[in-house]
Amino acid sequence: MTINETHDAEIASWVASANEPESDFPIQNLPFAVFRRAGSNESFRGGVAIGDQIVDLARVAQIGLFSGLTQKALEQCAGAFLNGFMAMGEEAWSAVRLALSRALRTGAMQEQALAEALVPQAEAEYDVPAQIGDYTDFYTSVYHATNIGRQFRPDNPLTPNYKWVPIGYHGRVSSIGVSGQSFPRPVGQSLAPGAIQPDFGPCKRLDYELELGIFVGQGNEQGKQIPIDTVEEHIFGICLLNDWSARDIQGWEYQPLGPFLSKNFATTISPWIVTLEALLPYRVPFVRPESDPQPLAYLDSIAQRAAGAIDLQLEVSLETEAMRRSDLPPTVLTQTSYRHAYWTAGQLVAHHTVNGCNLRPGDLFGSGTLSGPTLDEAGALIELTVGGKQPVHVSPDEARTFLEDGDTVIIRGWCEKQGNARIGFGECRGTVLPARI
Ligand code: CA
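Here the working numbering is used: position 130 in the sequence shown is 131, and no number is missing along the way.
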């Protein structure tokens, strides 16, 4: 995959809202989602964002505006899940991107036909864009691993395997929801400091985790690993992800087998998946401090070193119920970049399959909490509040150590670089409801 005409910052769209400098969805982005008109009985189907509109891919496939591989790929986007399209591989993904980029440009011949396939985003609702077979959550920020390790194991914050192995655990798919998700505060066991027996009740230390979701495109045969040189052909794209976490439940249950009920009650993702091709201009070198172990050969390549990381800006905001009542805007808690990750998305694919494990189209990886090098770049409240000891002020009248009922957490992401368009991910929003007990 190389930079091509679809990335050209000079091209504009006949969809005027796409040309506004603050739009997340200029013609250089073209991310994929699954949508329908809100409150309707329509079937969910694939769509591509352009400005404040959605190109209805089922409609485009039906009109027969394109032919060959592009038409075949669009037919795979006409249903409620994008797995079939993800399975087609990067030639098909690129063909659709190029065809839509040309047809959406100012002066394009297809303007009139394509205009009939637009649905305003303001009238749409979304669903999880793929039938996710398996979900794996990684742990790729060394800053997060150190900060949180200090809370759980003050003497041994970073376990000795961390700098050699991309750490992960197998997560739960059934509770993954799309932006707008709300869920009751989890209930469970926790051990108060100094106590001999656990308490049972609503979680008292509910937290968010700022993460990215990585959707697998083409999978691999069981027993056949994906070599590091071809890993990126297996990544369809990236979305925003919030791995809601019950810290008190986690602290009591996580040894010896890792997180379980502290993580599996809800995970929220953004509806839009930005393709790896759209992210090409924002790639940056993957670097390790020289004093750290360098990746083993199966996790190392010239291409990964040259441009394995992505400079993707991330931001977490909080909106409380009191803020909503007073019409106050959400408060920004954190800003950081994905470029600080200790392991790249490609290394996660190579590692996940090195033992012969098979990935399938539509599988999802969580990046792990993406805390940056300084504490104000931390991707979770447990870090920002130093384990709940230092409340953060979220409005003149309110502070938080952990999340309260009615709190809405909003994650945003975008890429910008001199000489290139600014492209965004939309938002990933979720709300905590009172416990049901
Ligand atoms: Ca996580």
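Using N, Cα and C, we set each Cβ at its ideal position, and we do this for glycine too. Quantities reported herein were computed from a predicted structural model and do not represent experimental measurements.
- According to the DSSP assignment, W165 belongs to no beta strand (DSSP E), since it is labelled neither H nor E.
- Near ligand 1, meaning a Cβ closer than 6 Å to any of its heavy atoms, lie the following residues in chain order: D138, E210, E212, D244, G367, G369 and T370.
- Within the model, the alpha-carbon separation for V16 versus H171 is close to 42 Å.
- Residue range N84 to M89 is occupied by the alpha helix (DSSP H) that includes N84, with no beta strand (DSSP E) assigned at that position.
- Straight-line measurement puts the Cα of A123 at about 37 Å from the Cα of G169.
- Residue state for V179 is assigned as strand, using DSSP reduced to three classes.
- Restricting attention to Y144, V174 and K418, the CA atom closest to the CA of T160 is found in Y144.
- Beta-bridge annotation (DSSP): R430 is paired with I411.
- In this structure, G407 sits away from T276, with a CB-CB distance that is not shorter than 8 Å.
- Per DSSP, E210 has no beta bridge partner at all.
- I149 is a Cβ neighbour of E384, given a cutoff of 8 Å.
- DSSP, read as helix, strand or coil, puts D249 in helix.
- The continuous alpha helix (DSSP H) containing N148 extends over residues V143 to F153.
- Take G259, set aside five residues on each side of it, and the residues of its chain with a beta-carbon closer than 8 Å to its own are Y170, in chain order.
- Shortest Cα-Cα distance from V129 to any of F33, V285, D156 and N157 involves F33.
- Residue pairing of T370 in beta bridges, as defined by DSSP: absent, with no partner found.
- Here I55 is buried, its C-beta having at least 16 other C-beta atoms within 10 Å.
- For the pair L192 and G214, the CB atoms are not nearer than the 8 Å cut-off.
- Of the other Cβ atoms in all chains shown, 16 or more fall within 10 Å of the Cβ of W273; this residue is therefore buried.
- Excluding its 5 nearest sequence neighbours in each direction, M89 has C-beta neighbours in its own chain below 7 Å: A74 and Q77, listed in chain order.
- Taking R106 as the centre and dropping the five residues before and after it, the same chain places the C-beta of I12, A13, S14, W15 and I28 closer than 8 Å to its C-beta, in chain order.
- Nearest in C-alpha terms to G181, of all of Y343, L365 and C429, is C429.
- Per DSSP, reduced to three states, the secondary structure at Q256 is coil, with no helix or strand assignment.
- Assignment of T337 by DSSP, reduced to helix, strand and coil, places it in the strand class.
- DSSP places G65 outside both helix and strand once states are collapsed to three, so it counts as coil.
- In the structure shown, the three-state DSSP call for L365 is strand.
- By the 16-neighbour rule on beta-carbons within 10 angstroms, N162 is exposed.
- Look at V16 here: in three-state DSSP terms it is coil, with no helix or strand label.
- For S271, the secondary structure class from DSSP, reduced to helix, strand or coil, is coil.
- If the five residues before and after G178 are omitted, its C-beta is found closer than 8 Å to the C-beta atoms of V129, F184, A267, T268, T269, I270 and G431, all from its own chain and listed in chain order.
- Annotation: the stretch 90-115 contains no complete segment of the beta strand (DSSP E) (minimum length 3 residues).
- For the pair S142 and G369, the Cα-to-Cα distance works out to about 7 Å.
- Partner residues in a beta bridge of C358, as assigned by DSSP, do not exist.
- The beta carbons of I227 and T354 sit closer together than 8 Å.
- In this structure, the alpha-carbon of A10 lies about 10 Å from that of K418.
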